[in-house]
Amino acid sequence: MNTPAWNIESEYPSINSKPFQSDWEAVVTFLKQMESGVAAVKDHFANPDAATISKVQDLYILEEKCSILLGNLFTYLHCILSVDATDSEAKGRVSELESIHSKISQALTPLDIFMKRCDEKTFQQLVSHPDLKGHEFIWSQKRLQAIYLLSEAEETLLEGLSVTGHNAWGNLYSNLSGKMKVQLKYPDRTEEVGLAKAHSLTRTSNELDRKVAWLGIQEAWTEHQETAAGVLNALAGWRHEVNSKRSHKKEMSFLDQPLWDNRISQETLQALMTACENNIADIQKAPALMAKVLKKKQLDPWDLLAPSPVSASTTEMSFADGAQLISDSFAQVSPDMADFVKMMVKNQWIEGRVLPNKTTGAYCTGFSKSLEPRVYMTYMGSNSDVSTLAHELGHAFHSWVMRDMPRAQMNYPMTLAETASIFAETVLHDALIQKASSFEEKVEFAWNDVEGAMALLLNIPTRFEFEKKFYEMRKERIVDASELRKLMDETWSKWYGTTLSKNDDLFWAHKLHFHISGLSFYNFPYTFGYLFSLSIYARRKELGSNFMKTYVEILRDTGRMTAEDLIQKHLGEDIRRPEFWQKSIDVVKEKINKFEKLIQ
């Protein structure tokens, strides 16, 4: 299949090119300027005068310039390693850059503490600078966490240890998964493929391919389960220890940081999960109906990402056709969204090749200098691949409509990021269902909706509950691989009930999201985004020609408001109440019921 290679050379021709080296040297220069600048001013933080505040403002403006170049270099290197996880030169440069980044963070620690702890009058003087006004919201949020700050020396030490501490564990997992080989054991042959291709095969229409890929992934990770368990325990242990140290005035729980990162309250998370748990039995109809269409009593674990067995097409969809299908569906909502897809394809900003050393997963990233997005995935033509492409293009569109805003306001949380991506998937699926004329088409497109409901209202809550229970256990001791498998098995049983022939008790090992050093609880934002996007989409008819304007306004506010304030402002709803989420779940249940009537 002809799949695209992304163009990242427009940013830097190569690691050894002059533009790359020039930006690298500029970052090093900025680091030295910040180190000397902070050292010269920090003794005046106790009683800051106008001159001190002015110098602090200059340092923050310098830091933003540095972060643009630093982010650009990191994105470029990350793109290289995603395509080839064995690239030793890129890995070496990432290691160097992580060290530089740590030194920058250490240098700015006194500045960060000053900003969080200064009185309100000083803070308002600080953000009065035109170039820093955009920072007011995010800094105000950070000031709420000042109670958990340690001393300057301790904060600096923590930052310095992070490179060889929890970040090193995350890198170990990435290196392992990038190099891992999977044995596909067919009845008549055995093939060896990379992990990314094996995961892609679990999404194909051929059940034998799905089965041998799933079993191969299980076998590969069983061999490395102790390493994966070591990574998981090290990351959780690090976070627990840091939280313990920060709890000198008030206890800091393992959920506090994910809640801050996602700009939601504990009440909102509880309302979301309560609504999901209240509807388990109704959502379990989704896998039960999928099994029925597959002519099985229960779904096998290799069927969880399978395309519909009832299809109007017998061939996998080419990348060009998949991108055109997405563009056409987006056009029904907005010509701008449709044109954006065409631009992404034309500019070669999408990576879709099947390569032996590619890392697993799909993501959207962006270059902070040019503000150009990039989409990464392994495209093999399944319906699931087309949905994934739409999902990532939704992310890219989100960043694209914000590119004229202050840099500080472009950083939106995962909860609201996933709203944009899942909205894009919803647009695609809705357009396909409306367009469907034959029985086969109707089943095929409705299947995608039902499969999505299962993933986001059963699988994601499973991940959240597993991770929460694991963190509670890890407070007391190391949790070994066999215990992790048992815990995952029990959690799958709760959420999937008896709809599966076998639980994926190794899911914690092969799912990248559990092993990211910079983030924990990389799960509940997907359910949040799914249900919130349905709530937005439900207003499409009501708002008519103003819908897209409202949608873009919501996207542009995602970096300068809490989720609660954003939804209150644009939709007039209180997301701290389960009733808000229930309305969207009711929409999902209706889709499942329609699917049931259709297949009967």
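Following my numbering from start to finish, the sequence shown increments by one per residue and tops out at 589.
Here a beta-carbon is modelled for each residue, glycine too, at the ideal position from N, C-alpha and C.
>> Please state whether the Cβ-Cβ distance between LEU121 and GLN22 is less than 8 Å.
In response: no
> Can you tell me whether DSSP reads GLU0 as helix, strand or coil?
Replying inline: It is coil, neither helix nor strand.
>> Tell me which residues share the same chain as LYS186 and place their Cβ nearer than 6 Å to its Cβ, disregarding the 5 neighbours each side in the sequence.
In response: Residues of the same chain with a CB within less than 6 Å of the CB of LYS186, apart from the 5 flanking positions on each side, are VAL343 in chain order.
> How is the beta strand (DSSP E) around VAL152 delimited, first residue to last?
Replying inline: Looking at the DSSP string, VAL152 is not in any beta strand (DSSP E), and its letter there is neither H nor E.
> Which one of VAL116, ARG566 and SER509 has the shortest CA to CA distance from GLN246?
Replying inline: SER509
>> Could you tell me the alpha carbon to alpha carbon distance between MET391 and ALA444, rounded to whole angstroms?
In response: Using only the alpha carbons, I get a separation of about 29 Å.
>> Helix, strand or coil, according to DSSP, for CYS592 in the structure here?
In response: With the chain running from -10 to 589 in the structure shown, residue 592 is simply not present.
> Looking at the structure shown, is GLY548 part of a helix, part of a strand, or coil, going by DSSP?
Replying inline: Residue state for GLY548 is assigned as coil, using DSSP reduced to three classes.
>> For HIS33 and ALA142, I'd like the C-alpha separation in whole angstroms.
In response: 17 Å
>> Quick test of your reading: LYS168 and THR75, contact by CB under 8 Å. State the CB separation rounded to the nearest angstrom.
In response: Contact holds; Cβ gap of about 6 Å.
> Which stretch, first to last residue, makes up the beta strand (DSSP E) that contains TYR365?
Replying inline: 361 to 365
> In chain order, what residues of the same chain have a beta carbon less than 8 Å from the beta carbon of GLN172, not counting five sequence neighbours either side?
Replying inline: THR179, GLU180, GLU181, GLY205, GLU208 and ALA209
> How is LYS54 classed by DSSP in three states: helix, strand or coil?
Replying inline: helix
> What is the C-beta distance between SER88 and LYS347, in whole angstroms, given that I count them as a contact (C-beta under 8 Å)?
Replying inline: Their Cβ separation, rounded to whole angstroms, is 26 Å, which puts SER88 and LYS347 out of contact at 8 Å.
> First and last residue of the beta strand (DSSP E) that includes LYS174?
Replying inline: 170 to 175
> Taking the continuous beta strand (DSSP E) assigned at ARG178, which residues delimit it?
Replying inline: 178 to 183
>> For GLY441, tell me which candidate among LEU294, VAL220, ALA202 and ASP38 has the shortest Cα-Cα distance.
In response: LEU294
> From the DSSP output, which residues share a beta bridge with ILE339?
Replying inline: Beta-bridge partners assigned by DSSP to ILE339: VAL364.
> Anyone know if the C-beta pair for LEU58 and ALA79 falls short of 8 Å?
Replying inline: 8 Å or more divides the Cβ of LEU58 from the Cβ of ALA79.
> Exposed or buried, which one is ALA406 when buried takes at least 16 other CB atoms within 10 Å?
Replying inline: Buried, since its Cβ has 16 or more Cβ neighbours within 10 Å.
>> When you compare the stretch 469 to 480 with the stretch 278 to 297, are there three or more beta-carbon pairs, one atom per stretch, that lie closer than 8 Å?
In response: no
> Contact between the stretch 511 to 518 and the stretch 250 to 261: three or more CB pairs below 8 Å?
Replying inline: Of all C-beta pairs linking the stretch 511 to 518 to the stretch 250 to 261, three or more are shorter than 8 Å, placing the two stretches in contact.
> Can you tell which of ASP469, ILE339, SER524 and TYR485 has the C-alpha that lies nearest to the C-alpha of TRP497?
Replying inline: ASP469
> Do VAL282 and PRO298 have their C-beta atoms closer together than 8 Å?
Replying inline: The Cβ atoms of VAL282 and PRO298 sit closer than 8 Å to each other.
>> Three Cβ pairs or more, each shorter than 8 Å: is that satisfied between the stretch 560 to 572 and the stretch 422 to 439?
In response: Judged by Cβ distances under 8 Å, the stretch 560 to 572 makes no contact with the stretch 422 to 439, as fewer than three pairs qualify.
> Helix, strand or coil: how does DSSP classify LEU288 here?
Replying inline: strand
> If you draw a straight line from the alpha carbon of ASN160 to that of SER506, how long is it in whole angstroms?
Replying inline: 8 Å
> With 16 as the cutoff for other CB atoms within 10 Å, does MET(-10) come out buried or exposed?
Replying inline: exposed
> Thinking C-alpha only, which one of VAL416, TRP484 and GLU305 is nearest ASN195?
Replying inline: GLU305
> Buried or exposed: which applies to ARG466, given that a residue is buried once 16 or more other Cβ atoms fall within 10 Å of its Cβ?
Replying inline: The residue in question, ARG466, is exposed, as its Cβ has fewer than 16 Cβ neighbours within 10 Å.
> Going by other Cβ atoms of all chains shown within 10 Å of its Cβ, with 16 needed for buried, is HIS418 buried or exposed?
Replying inline: Buried: at least 16 other Cβ atoms inside 10 Å.
> Secondary structure at LEU258, three-state DSSP: helix, strand or coil?
Replying inline: helix
>> In chain order, what are the residue ranges of uninterrupted alpha helix (DSSP H) at least 4 long that sit wholly in the stretch 438 to 504?
In response: 449 to 463, 470 to 485 and 496 to 499, all fully within the stretch 438 to 504.
>> Going by C-alpha to C-alpha distance, which of ILE588, LEU587, GLU579 and GLN589 sits closest to ILE272?
In response: Among ILE588, LEU587, GLU579 and GLN589, the Cα nearest to that of ILE272 is on GLU579.
> With a CB to CB cut of under 8 Å and the five nearest residues on each side skipped, what residues in its chain are close to ASP317?
Replying inline: ALA327 and ALA420
> Where does CYS107 sit, in a helix, a strand or coil, going by DSSP?
Replying inline: coil
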